[in-house]
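Engineer: First to last, the protein sequences are chains A and B.
Our numbering puts the first residue of the first sequence at 1, with every later residue one more than the last.
Our numbering puts the first residue of the second sequence at 1001, with every later residue one more than the last.
Okay, here's the structure, questions in a sec.
Protein chains: 2
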Amino acid sequence: MTPRTGTYAKGLAKRAEILAVGLEVVAENGCRRATVREIAARVGLTAAGVVHYFESREELFQEILAARDDRDREIFEDKQPRPIDGYLRLLEHNTRVRGLVQLYAEYSAEAAGWAEHPSRVFFQERFDQLRADLTAVVQAAQADGSIGRDFDVPAVVNLLIAAADGLQVQWMLDHRIDMSAHVDQLWRLLAPRTASE
Amino acid sequence: MTPRTGTYAKGLAKRAEILAVGLEVVAENGCRRATVREIAARVGLTAAGVVHYFESREELFQEILAARDDRDREIFEDKQPRPIDGYLRLLEHNTRVRGLVQLYAEYSAEAAGWAEHPSRVFFQERFDQLRADLTAVVQAAQADGSIGRDFDVPAVVNLLIAAADGLQVQWMLDHRIDMSAHVDQLWRLLAPRTASE
DNA sequence: GTCTATATCGTGATAGAC
DNA sequence: GTCTATCACGATATAGAC
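In structure tokens, the structure reads:
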């Protein structure tokens, strides 16, 4: 996003390597126990070397999540056959990137809970973006008649996000929880209440 | 729960004081930045003194949350007039105990994400208890006909929990989010799809 | 049973050498 | 652009005072 280094190939590659290894370390130890030193050691640098690429531990975590969001956009936009399917596919995909789920859950809770957290704004904007994307999904489904119109759309959008977030914690505690099936159940509750049932 | 000390009045009072002050410090700094030293200083002890009452920082956090759950039970059981109202009242009450919401969000995410976390089992059991309680609520509502029967009950129970948990993070980022109104919207989606609509 | 003093070790961050 | 050295601060373990 905001490269702190030049655009030399070597620096960019190192930066990408740190992002990948950082995620790896988080996945193994959790966000709280993931240390800059450990990441540095694996990438062949000292802690100070890592901080040269990322201002702080916090910024590193934030950028790992931002990179994930960029990659996920492709999955989200594949809304086949229903408008919600892109979102459900994303939740399914999450089961294959445990470390990211873990980082997201821990780090978003930390950032939200502290008024001066350096990543607080990042998450506020992320939620706003997600709300806009899901509002479009809900409105598309209302337009094609696959869901009803007798509910509060912004509330349902927030519920779709909250359900996914909350289910991630339940899933981490018990991998038998099927996150996308659960959100799909929520989606089906939105079915039109007129005829056709 | 498992008092590490005797039953002398002085020890019990100090223990209770540490729990209260611990929550206070968490509320100000977030769980991650809440230190045993800070809690100890405010309560007039050294860090080792605090550890005498609570084996570790983790155990202290867990006991703060367990104490909250005990107190909350009373609110949850007041299901007036609908079976879900006790749960909704709880979410409303949460807006008045920001520190607890913050601790719960951060600490549950941390515990869930790490397989060897000392509080992992605590949260697994807490979720199981909550599932049992909410299953009873859903079944009671189905019995009195206020909600439908054409959905997966365990899935909806998990959704009710996940929605509440996920909304807490959204609420911390933006206090205008009305958590109980959102979950009430989810509940209303469960209304029977036959006649009476 | 209650608590302090002390020591060890790990942490993120920084300054300045190379 | 990367290092070494160092800082201030954290959790925790032990020994023992009272």
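Where a beta carbon is used, it is the ideal one built from N, C-alpha and C, also for glycine.
Hey, Ala1105 of chain B and Ala111 of chain A are a contact pair by Cβ (cut 8 Å); roughly how many whole angstroms apart?
Structural biologist: About 10 Å separates the two Cβ atoms, so there is no contact after all.
Engineer: In terms of residue numbering, what span does the alpha helix (DSSP H) encompassing Thr135 of chain A cover?
Structural biologist: Thr135 of chain A -> alpha helix (DSSP H) spans 120-143.
Engineer: Less than 8 Å between the beta carbons of Ala40 of chain A and Val26 of chain A, yes or no?
Structural biologist: No, these two residues do not count as a Cβ contact at 8 Å.
Engineer: At a Cβ threshold of 8 Å, is Asn158 of chain A touching chain B?
Structural biologist: Chain B contact via Cβ: present.
Engineer: Helix, strand or coil: how does DSSP classify Tyr104 of chain A here?
Structural biologist: Helix at Tyr104 of chain A.
Engineer: Should Gln1080 of chain B go down as buried or exposed, given a rule of 16 or more other Cβ atoms within 10 Å for buried?
Structural biologist: Exposed, since its Cβ has fewer than 16 Cβ neighbours within 10 Å.
Engineer: According to the Cβ coordinates, are Asp78 of chain A and Arg68 of chain A closer than 8 Å?
Structural biologist: Going by C-beta atoms, Asp78 of chain A is not nearer than 8 Å to Arg68 of chain A.
Engineer: Would Gln1129 of chain B be called buried (16 or more neighbouring beta carbons within 10 Å of its own) or exposed?
Structural biologist: Classification for Gln1129 of chain B: exposed.
Engineer: Can you name the residues of chain A whose CB is closer than 7 Å to the CB of Gly1044 of chain B?
Structural biologist: The premise fails here: Gly1044 of chain B is roughly 26 Å from chain A at the closest Cβ pair, so nothing lies under 7 Å.
Engineer: Only counting the same chain, and skipping five residues up and downstream in sequence, which positions put a Cβ closer than 6 Å to that of Pro83 of chain A?
Structural biologist: Same-chain partners within the cutoff: Val137, Ala140, Ala141.
Engineer: In chain B, what lies closer than 7 Å to Val169 of chain A by C-beta?
Structural biologist: Simply Ser1108, Ala1109, Ala1112, Asp1165.
Engineer: Using a Cβ cut-off of 8 Å (strictly closer), state whether Gly22 of chain A contacts chain B.
Structural biologist: No, its Cβ sits nowhere closer than 8 Å to a Cβ of chain B.
Engineer: Taking 8 Å as the CB-CB limit, is Ile64 of chain A close to chain B?
Structural biologist: No - not a single Cβ of chain B is within 8 Å of the one on Ile64 of chain A.
Engineer: Within the continuous alpha helix (DSSP H) that includes Pro154 of chain A, where are the two ends?
Structural biologist: 153-173 is the extent of the alpha helix (DSSP H) around Pro154 of chain A.
Engineer: Measure the C-alpha to C-alpha separation of Asp178 of chain A and Ala1013 of chain B and round it to an integer number of angstroms.
Structural biologist: Roughly 45 Å between the two C-alpha positions.
Engineer: For the stretch 69-84 of chain A, list every residue whose C-beta sits within 8 Å of some C-beta in chain B, in sequence order.
Structural biologist: Going along the stretch 69-84 of chain A in chain order, one finds no residue with a Cβ nearer than 8 Å to chain B.
Engineer: Using 8 Å for Cβ pairs, my map puts Leu103 of chain A next to Val156 of chain A. What's the rounded Cβ distance?
Structural biologist: Not confirmed; about 27 Å, so no contact.
Engineer: Following the continuous alpha helix (DSSP H) through Arg193 of chain A, name the residue where it begins and the one where it ends.
Structural biologist: From DSSP, Arg193 of chain A is part of no alpha helix (DSSP H); its letter is neither H nor E.
Engineer: Just confirm the distance between the C-beta atoms of Leu91 of chain A and Ser180 of chain A, as a whole number of angstroms; I'd bet it's less than 8 Å.
Structural biologist: Sure, about 4 Å apart at Cβ, within 8 Å.
Engineer: Does the distance from the CB of Ala1163 of chain B to the CB of Ala34 of chain A come in under 8 Å?
Structural biologist: The answer is no: Cβ separation not under 8 Å.
Engineer: Using the beta-carbon of each residue, which ones in chain B are nearer than 7 Å to Leu189 of chain A?
Structural biologist: Those are Phe1151, Leu1189, Leu1190, listed as they occur along chain B.
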